[in-house]
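For reference, the structure is listed below as structure tokens.
Chains as they are written, first to last, in my numbering: chain A, 8 to 163; chain B, 8 to 163; chain C, 8 to 163; chain D, 8 to 163.
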């Protein structure tokens with residue numbers, strides 16, 4: 008079994024209903040496109056994305072900050088247990104070929120910046136948008152469409 | 008999609024033909040038992056295990072020490088790219104619920120010791136065997152049987 | 008020997024002459040105030056800060072991304088060799104009690120965001136300034152004065 | 008200020024009185040020789056070594072597994088706060104030019120193995136001694152003498 012394209016979804020561990028629903032839709036669209044989802048495996052945006060992905064039959068990988076798999080949200084299909092704290096964000100940025108940021112706060116900003124430093128495309132769905140180099144999207148559909156376009160080297 | 012039981016296979020990046028074949032058989036048996044394989048994703052024992060697992064339709068996760076997915080052996084189904092060097096061994100020990108060590112040198116010994124410290128069962132297939140707390144096995148079949156017995160809390 | 012207050016200085020590995028001179032002045036002022044400097048140990052802003060600190064008799068700690076101490080700039084007094092790549096930035100953010108960012112690009116932004124997430128005061132000296140929660144400074148003296156004020160819980 | 012030679016001391020977080028006293032003596036001898044001590048910064052052997060080093064005027068660096076400097080034993084001169092859990096052991100092995108292991112259990116064994124893999128000399132003072140490549144010592148004086156001999160490329 009191979010994972011196909013690996014897309015990261017990043018965002019805060021506590022999310023509004025709107026952000027959760029957007030993340031779930033992003034997760035679903037990624038799974039339907041045959042991508043593997045990688046995220047931080049906790050709540051909020053991470054849970055929404057895992058849920059949408061798993062409900063659509065995809066593989067949702069949760070790269071966890073703590074020492075036990077039980078920390079994962081219930082929609083994580085494969086927990087990667089790091090016990091590295093925030094340093095696990097760097098692993099997400101390295102593992103994902105491109106990322107979609109949904110809302111989010113300082114942790115998300117940190118991950119966006121690392122991903123851009125690594126040269127990974129990053130799409131912002133109502134997330135930090137004044138960071139040069141990000142691509143804006145207004146809907147989950149647009150975010151997923153643009154992330155695949157960026158990966159193909161096409162103009163999003 | 009969920010990953011089921013996650014079993015680690017550890018061993019040296021350069022392996023004898025015998026060790027490679029044993030690792031491949033271990034990988035096959037793990038996949039047939041419905042387990043997900045996690046390993047370091049490079050050559051030797053790691054490649055053998057990934058090959059057997061992938062050939063049998065299982066998911067072989069490679070937790071890579073370097074910064075690029077291209078470092079993975081061709082049988083890795085899902086590369087987790089850490090750029091953490093040897094520290095990625097700690098992630099393998101945390102992620103696996105139990106481990107099988109096949110031959111191996113200092114790196115394998117280090118991983119065995121971390122796994123034992125974390126309280127994970129470790130089966131030694133012609134690997135370091137004078138470390139207290141390990142369970143010996145002489146064949147791939149015995150190693151896989153014992154690792155599942157240990158996970159179930161049964162006497163191997 | 009104890010290290011006293013530990014202040015982080017972050018910024019790009021390639022710096023303009025102006026940024027290098029500012030970093031050197033910051034390093035000198037920190038050493039004169041009895042602080043220990045912690046930084047990424049490479050060139051540019053990191054080297055300027057280490058140089059100023061070491062010239063003034065302080066301890067400049069370089070938390071290096073690579074696997075060898077020889078990677079450090081010549082003004083590092085104590086190299087901490089991590090081989091963790093960008094994840095070493097998280098170690099800097101945890102180790103420093105407060106940070107001064109001097110110019111810098113995505114890597115610096117990432118470190119600023121992690122530090123703010125950890126609740127550490129961050130002073131921006133011509134660095135990313137539109138991140139909420141940072142304190143601006145226009146000169147090295149002002150940056151050092153403000154970083155100590157923030158650490159004391161005073162209004163900078 | 009420069010750190011001179013950096014020597015790691017590793018061992019369990021809970022130590023017998025004999026091991027604590029031995030570690031303290033090792034720390035004192037390292038400081039008197041002008042070396043910087045690096046260790047895990049917690050209790051037991053780590054505390055003994057830091058105490059001896061600091062009492063003799065040396066710098067004792069504690070590379071901590073947790074997220075706060077307050078976790079350090081009271082004799083740590085410079086806390087490096089990693090929040091990396093056991094992965095901080097890898098940082099100790101990379102940072103030290105040579106290591107002395109005093110008693111210790113699985114964690115110490117893991118660190119010994121990583122250090123040997125990195126090609127660092129390791130002296131065992133009543134620690135794991137059946138690992139090929141280690142140098143045995145029976146007293147703190149012998150351990151420190153041998154570690155410096157090994158660093159100089161001399162036959163210990």
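Every residue gets a Cβ at the ideal spot worked out from N, C-alpha and C, and that includes glycine. Since this is a predicted model, take the numbers as computed values, not measurements.
- Cβ-Cβ separation between residue 93 (chain B) and residue 88 (chain A): approximately 17 Å, too far for a contact (criterion under 8 Å).
- Judged by their CB atoms, residue 113 (chain D) and residue 124 (chain B) are nearer to each other than the 8 Å cut-off.
- Within the stretch 78-97 of chain B, contact with chain C at the beta-carbon level (separation under 8 Å) is assigned to 90, 91, 92, 93, 94.
- In this structure, residue 49 (chain C) lies away from residue 14 (chain C), with their beta-carbon atoms at least 8 Å apart.
- Among the CB atoms of chain D, none fall inside 8 Å of the CB of residue 120 (chain C).
- Going by DSSP, residue 115 (chain A) is part of the alpha helix (DSSP H) stretching over 113-124.
- Of the other Cβ atoms in all chains shown, 16 or more fall within 10 Å of the Cβ of residue 118 (chain D); this residue is therefore buried.
- Within the same chain, Cβ atoms closer than 7 Å to the Cβ of residue 86 (chain B) are found at 48, 69, 71, 76, 79, the five residues on either side in sequence being excluded.
- Taking the Cα of residue 65 (chain D) as reference, the smallest distance to any Cα among D:73, D:45, D:52 is reached at D:45.
- Along the length of the stretch 46-114 of chain D, whole alpha helix (DSSP H) runs at least 4 residues long occupy 52-62, 95-102, reported in chain order.
- The Cβ atoms of residue 12 (chain D) and residue 42 (chain D) lie closer than 8 Å to each other.
- For the 8 Å CB-CB criterion, residue 18 (chain B) and residue 30 (chain B) form a contact.
- DSSP, read as helix, strand or coil, puts residue 144 (chain A) in strand.
- Residue 154 (chain D) sits in a helix when the DSSP states are folded into three classes.
- In the structure shown, the three-state DSSP call for residue 34 (chain A) is helix.
- By the criterion of a C-beta distance shorter than 7 Å, residue 90 (chain D) is surrounded in its chain by 73, 74, once the five residues flanking it on both sides are discounted.
- The beta-carbon of residue 153 (chain C) is placed no less than 8 Å from the nearest beta-carbon of chain A.
- When the five nearest sequence neighbours on each side are left out, the beta carbons in the same chain lying within less than 8 Å of the beta carbon of residue 23 (chain D) are those of 110, in order along the chain.
- Taking 8 Å as the upper bound for CB-CB distance, residue 34 (chain B) and residue 59 (chain B) are in contact here, some 3 Å apart.
- For residue 122 (chain D) against residue 130 (chain D), the beta-carbon gap comes to about 10 Å, at or over 8 Å, which does not count as contact.
- Among the residues facing chain C, residue 40 (chain D) is not included, as its CB has no counterpart in that chain under 8 Å away.
- Residue 19 (chain B) has a beta carbon lying at 8 Å or more from every beta carbon in chain C.
- Nearest CB-CB separation between residue 159 (chain B) and chain A: not below the 8 Å threshold.
- A direct Cα-Cα distance of roughly 6 Å separates residue 134 (chain B) from residue 108 (chain B).
- In the displayed model, residue 25 (chain C) falls within a helix according to three-state DSSP.
- Taking residue 163 (chain D) as the centre and dropping the five residues before and after it, the same chain places the C-beta of 142, 153, 156, 157 closer than 7 Å to its C-beta, in chain order.
- Residue 120 (chain D) sits away from residue 132 (chain D), with the two beta carbons spaced by 8 Å or more.
- Residue 131 (chain B) has B:108, B:143 as its beta-bridge partners, per DSSP.
- By the beta-carbon neighbour count (other beta carbons within 10 angstroms, threshold 16), residue 151 (chain B) is buried.
- Straight-line spacing of the CA atoms in residue 63 (chain B) and residue 103 (chain B) works out to 20 Å.
- Taking 7 Å as the cut-off between beta carbons, none of the residues of the stretch 104-136 of chain B comes near chain A.
- One alpha carbon belongs to residue 51 (chain D), the other to residue 138 (chain C), and they sit about 43 Å apart.
- Note: residue 13 (chain A) is bridge-paired with A:43 in the DSSP secondary-structure output.
- Identification of chain B residues near residue 30 (chain C) by a Cβ-Cβ cut-off of 8 Å yields none; the smallest Cβ-Cβ distance measures about 26 Å.
- Interface flag for residue 74 (chain B) against chain C is set, since a Cβ pair is found closer than 8 Å.
- Distances from the CA of residue 16 (chain A) to each of A:140, A:54, A:126, A:149 were compared; the closest alpha carbon is that of A:54.
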